[in-house]
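Asks: Numbering (the working numbering), first residue to last: 426 to 596.
Glycine residues also receive a C-beta, built at the ideal position from the N, C-alpha and C atoms.
(1) Quick one: is residue 473 buried, meaning 16 or more other Cβ sit within 10 Å of its Cβ, or exposed?
(2) Cutting at 6 Å between CB atoms, please list the residues of its own chain near residue 482, excluding the five before and the five after it.
(3) Any chance you could list the alpha helix (DSSP H) runs of at least 4 consecutive residues sitting entirely within the region 494 to 537, in chain order?
(4) Take every Cβ of the region 535 to 552, pair it with every Cβ of the region 504 to 522, and state whether three or more of those distances are shorter than 8 Å.
(5) Please name the residue in 531, 503, 556 whose C-alpha comes closest to that of residue 454.
(6) Could you give the first and the last residue of the continuous alpha helix (DSSP H) run that contains residue 462?
(7) Using the rule of at least 16 other Cβ atoms within 10 Å of the residue's Cβ for burial, across every protein chain shown, is residue 485 buried or exposed?
(8) In its own chain, which residues sit with a C-beta less than 7 Å from the C-beta of residue 558, not counting the 5 before and 5 after it?
(9) What span of residues does the alpha helix (DSSP H) with residue 485 cover, start to end?
Encoded structure:
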């Protein structure tokens with residue numbers, strides 16, 4: 426609590442506990458047959474195991490002097506963006522490995538479409554979320570600047586990692 430406001434620190438801790446809690450359940454959950462009527466379940470899994478809310482808030486330290494009210498409305502979109510940029514950029518690697526126990530394939534099953542279509546839809550959604558985040562944060566230039574630096578770093582990190590096999594795509 427030395428570096429973060431109470432709300433921010435509590436949210437970081439809660440997201441961390443959610444991650445640990447559901448990660449312990451993953452072997453059980455992965456073997457469950459998906460039920461289409463549980464349409465939000467893939468996002469629930471991704472949200473709980475993605476730690477997006479924690480990563481969102483790590484940048485908003487007390488020393489940044491950015492009021493919570495300047496970014497709180499962007500948190501849901503930031504969380505989605507962080508989790509789904511990872512999934513979007515992991516898609517190639519996971520498809521090559523034949524991995525299907527992931528958000529893309531779970532969502533595809535629930536929506537009755539292909540994982541490739543989910544990937545395309547997610548690309549559009551990520552651009553929409555990014556625009557929304559920028560609009561929300563625009564009233565606080567420092568918050569927007571921190572987020573944009575984080576965006577570039579997060580994408581750059583993924584592009585630089587061999588494990589994602591993105592160099593194979595000549596991006």
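Replies: Result, derived from the coordinates:
(1) The residue in question, residue 473, is buried, as its Cβ has 16 or more Cβ neighbours within 10 Å.
(2) The residues are 433, 436, 437.
(3) If one requires a minimum length of 4 residues, the alpha helix (DSSP H) runs lying completely within the region 494 to 537 are 500 to 522, 528 to 536, in chain order.
(4) The region 535 to 552 makes contact with the region 504 to 522; the number of CB pairs closer than 8 Å reaches 3 or more.
(5) When each option's Cα is compared against that of residue 454, the closest is 531.
(6) According to the DSSP assignment, residue 462 belongs to no alpha helix (DSSP H), since it is labelled neither H nor E.
(7) Buried: at least 16 other Cβ atoms inside 10 Å.
(8) So the qualifying residues of the chain are 499, 502, 503, 506, 572.
(9) Premise fails: residue 485 is in no alpha helix (DSSP H) and is neither H nor E.
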